[in-house]
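Only one structure is covered here, and it is reproduced in the block below.
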Amino acid sequence: MTTRTQTGFTPVDEDLYAKAFQLLDPTTPAAPAPASPILAPAPPVHRPGPVEKTLTDALTFLDTHGWAKYRLIHPEGARCSIGALRAAAGARNAAYRDAGNLLLAEARRQHGKQWEAIPAWNDNHTGAQVRSVWEAAIQRAHHLNA
């Protein structure tokens with residue numbers, strides 16, 4: 024007579040018990056931790072100086088509110104270059120003065136030495152010419168870290 028016995032057990036991983044006892048045994052050396060990925064250092068964050076910030080904020084103001092000629096502030100909110108500088112600086116402080124000097128120097132470099140003040144230069148050029156001077160002045164301030 025043949026007797027069949029069904030146990031109903033599920034086969035077990037043969038290494039399971041060995042692994043469990045290895046984890047429980049304090050004398051067993053621990054497996055090395057997986058190597059953590061080496062992260063590259065983050066690139067340095069540029070922090071604009073007060074002159075660059077004033078120039079950038081003023082150009083943003085012009086982009087947002089509009090550019091004007093022949094008036095400090097247009098009734099609809101647009102401003103000329105000096106009006107935008109004043110709005111961005113908030114006061115006639117060192118950053119305002121230095122940003123204005125840098126803007127005028129760039130205007131003279133691009134459009135001739137005859138310009139003695141920002142308003143006269145602003146009123147005698149197109150919007151594209153004025154913007155080009157603003158962008159160049161911002162780049163110059165960036166490189167000067169001003």
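Position 4, counted from 1, in the sequence shown is what my numbering calls 27; the numbers after and before it change by one each time, with no gaps.
Just so it is clear, CB atoms sit at the ideal spot from N, CA and C, and this is done for glycine as well.
No Cβ-Cβ contact shorter than 9 angstroms links residue 62 with residue 108. Contact check between the segment 86-100 and the segment 61-75: fewer than three CB pairs, one atom from each, fall below 8 angstroms, which does not count as touching. In this structure, the beta-carbon distance from residue 165 to residue 156 does not fall below 9 angstroms. For residue 134, the closest C-alpha among the options 151, 121, 119 and 95 is that of 151. A distance below 8 angstroms between beta-carbons, with the five flanking residues on each side excluded, links residue 161 to the following residues of its chain, in chain order: 75, 78, 79 and 82. For residue 145, the uninterrupted alpha helix (DSSP H) run begins and ends at 141-146, by DSSP. Taking the Cβ atoms as the reference, residue 123 lies roughly 6 angstroms from residue 141, within the contact range of under 8 angstroms. In the DSSP annotation of this structure, the continuous segment of the alpha helix (DSSP H) that includes residue 156 starts and ends at 150-167. Taking the Cα positions, residue 111 is about 44 angstroms away from residue 60.
Cα atoms of residue 163 and residue 154: separation of roughly 14 angstroms, rounded to the nearest angstrom.
Contact check for residue 104 against residue 126 passes: the beta carbons are separated by less than 9 angstroms. Residue 96 has 102 as its beta-bridge partners, per DSSP. Between residue 102 and residue 91 the beta-carbon gap is near 6 angstroms, inside 8 angstroms, which marks them as a contact.
Annotation: residue 114 to residue 129 spans about 22 angstroms, alpha carbon to alpha carbon.
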